[in-house]
Amino acid sequence: MTVASVFSGKNIVVGITGSIAAFKVAGWVSDLAKEESLVSVVMTESAKKFVTPLTFSALSGREVFSAMFDQTSGSSMAHIDLGREADLLVIAPATANTIAKLSAGLADDLLSTAVLAARCNVIIFPAMNSRMYAHPATQANILKLRNLGYMVVEPDCGTMACKEEGAGRLVEWDVAKEYLASALSIQDLKKERIVVTAGPTREAIDPARFLSNRSSGKMGFALARCARRRGAEVVLISGPSSIEPPLGVKVIKVDSAQEMCDATLEEAAHSSIVVKAAAVADYRPTTFSSQKVKKENIESNLTLAKNPDILYLLGQQKRAGQILVGFAAESQNLLAEGGKKLDKKNLDLIAVNDISSSQAGFEVDTNQVVLLDKKGHKKLPLTTKHHTADLILNKIIELREL
Ligand code: CTP
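Residues 2 to 403 in the numbering used here are what the sequence shown spells out, letter by letter.
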């Protein structure tokens, strides 16, 4: 199976400075190594008081750097090489002292020298006592760093190791990871506003029961996350799903097909791309009973009405230059059925899912789709839903450039 993530094969330098939060970054390094990044950890002298270099070399599987002129290291120019060869330089946790040093352009240790020599994006994650963080000197230094082009991520609020409350806690890895992913992604969707629909819809019968389907929302959420990482403004319209929404995305939660229809038509009116990955229930009960229906009466009560075909309506209202992408859940004649939907719904692209495969379609983390446009079709590899999302976005960019 093809698996590719934005992190795999990337040279990432992680600079660790002297804060109690240094131990948390062990988890970051471990996850990056699992994602197949080549992680070079650089520790300041005070960072080594909190965590040993051995921890990081064991987790990254690579040498940990610290001294400026280390004869044992393969290169006598490590301070230059590290910054020069990195795809991304991350400083976490960044103390008030390191922030002050970097804002002044000092280069008195390996990490600060590597930052000055860096050609890549630099992301700084501050972590310190809340009064140190709020101090005008620290705030002025952060502003200076931002003006120099570094990304400085706001720390979390909460109770600190020193038992004080306020802003200064190192952000959690799931949040930090999105900043790293965006910095490593090409920003080829920067000018786009994308609406993605995801998940199932629920059609209520009574307060206890509803009609729905097996969609988990994984494909739509992956599309929203990848589009955001690539710079798009993203609106995610989702039916009920247990997945955590991606960072930096506007989320509109809906329940029924009609609610999804109203929200999608409204958002699509001012968007350049619409991707309908949701599995919309085709039918709803004709009436909703505000009291629970007794089981003896369900059969006589359950008559169905057709829901609007949201994608068809979007196709009717498509604006000039707007790209409309649909999904098709099929169990046979994939190309013929997908082709019919492409024409009927006035789409630019359709991703056809073979739902009879156990590794594609509903609930699973992998997918294999055939992409069909007016000019032809292409079978994508069996891969993660995230990678599938990136491949679909690549195709959208290709259509945009035609
Ligand atoms: N879709 C929609 N509104 C509906 C039904 C489907 O917007 N009421 C969209 C889905 O989000 C998907 C595409 O239409 O992008 C195709 O959905 P699919 O369930 O494969 O096809 P249907 O049009 O419902 O046709 P059928 O179930 O008969 O194959």
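All C-beta atoms in this analysis are idealised placements derived from N, C-alpha and C, irrespective of residue type, glycine included.
Assumed close pair residue i, residue j - CB separation to whole angstroms, cut-off 8 Å
i	j	result
Ala97	Met133	5 Å
Pro156	Ala128	6 Å
Ala280	Asn214	5 Å
Val65	Ser58	5 Å
Ala258	Phe222	About 19 Å separates the two Cβ atoms, so there is no contact after all.
Ile253	Ile238	5 Å
Ala34	Val40	6 Å
Ala184	Asn122	4 Å
Those residues which DSSP pairs with residue i across a bridge
i	result
Phe328	Ala352
Glu204	Leu212
Tyr284	Lys307
Ala168	Cys158
Arg194	Glu234
Asp374	Leu350, Gly377
Leu39	Asn12
Thr367	Thr385
Ile17	Met44
Phe66	Val43
Ser239	Ala199, Lys254
Val153	Ile125
Alpha-carbon spacing of residue i relative to residue j, whole angstroms
i	j	result
Val370	Glu193	24 Å
Asp32	Val42	14 Å
Asp404	Lys11	No answer is possible for residue 404: it lies beyond the span of the chain, which begins at 2 and ends at 403.
Ile124	Ser104	13 Å
Arg401	Gly377	16 Å
Arg63	Gly28	15 Å
Asp175	Pro247	10 Å
Ser216	Ser243	11 Å
Leu315	Gly322	13 Å
Ile299	Asp256	22 Å
Glu86	Phe126	21 Å
Gln318	Ala270	8 Å
Leu266	Ser272	10 Å
Ile393	Ser47	46 Å
Gly249	Gly84	28 Å
Arg226	Glu234	11 Å
Ser38	Tyr180	15 Å
Pro286	Glu268	26 Å
Ala209	Lys293	6 Å
Thr99	Ala282	54 Å
Glu245	Ile398	27 Å
Asp344	Lys251	30 Å
Lys145	Thr139	10 Å
Ala141	Leu55	35 Å
Leu383	Gly362	11 Å
Asn148	Leu117	15 Å
Leu111	Ala68	6 Å
Met44	Ser20	11 Å
Ala264	Leu325	16 Å
Leu403	Cys262	30 Å
Gln360	Val196	26 Å
Thr288	Glu260	16 Å
Lys379	His388	15 Å
Ala162	Glu173	15 Å
Ile92	Val14	8 Å
Asp109	Gly150	21 Å
Glu36	Ser290	50 Å
Gly218	Asp374	24 Å
6 Å Cβ shell around residue i - same chain, five flanking residues per side excluded
i	result
Leu107	Ser113
Ala182	Val7, Arg230
Ala22	Pro94, Ala128, Leu171
Ser131	Glu165, Gly167, Ala168, Gly169
Ile143	Val153
Glu297	none
Leu190	Ala228, Arg231, Gly232, Ala233
Phe24	Val52
Ile17	Ala23, Val26, Met44, Ala48
Asp391	Cys227
Same chain only: Cβ atoms within 7 Å of residue i, ignoring 5 sequence neighbours per side
i	result
Leu312	Lys277, Gly327, Lys346
Ser357	Ser332
Ala329	Glu338, Gly339, Lys342, Ile351, Val353, Asn354
Lys396	Leu350, Leu372
Thr160	Glu166
Pro241	Gly200, Pro201, Arg203, Asp256
Leu60	Ala27, Val30, Ser31, Ala34
Asp88	Lys11, Asn12, Ile13, Cys121, Leu185
Neighbourhood of residue i by C-beta, 8 Å cutoff - its chain only, sequence neighbours within 5 removed
i	result
Leu284	Per the sequence presented here, residue 284 reads as Tyr, with Leu not at that position. Same-chain partners within the cutoff: Glu204, Leu212, Leu305, Ala306, Lys307, Asn308.
Lys102	Asp109, Ser113
Leu303	Ile206, Pro286
For this session: Could I get the ranges of all uninterrupted beta strand (DSSP E) runs contained in the stretch 72–143, with 3 residues as the minimum, in chain order?
Result: 89–95, 122–127
Problem set entry | Those runs of the alpha helix (DSSP H) which lie wholly inside the stretch 248–297 and span at least 4 residues | 258–269
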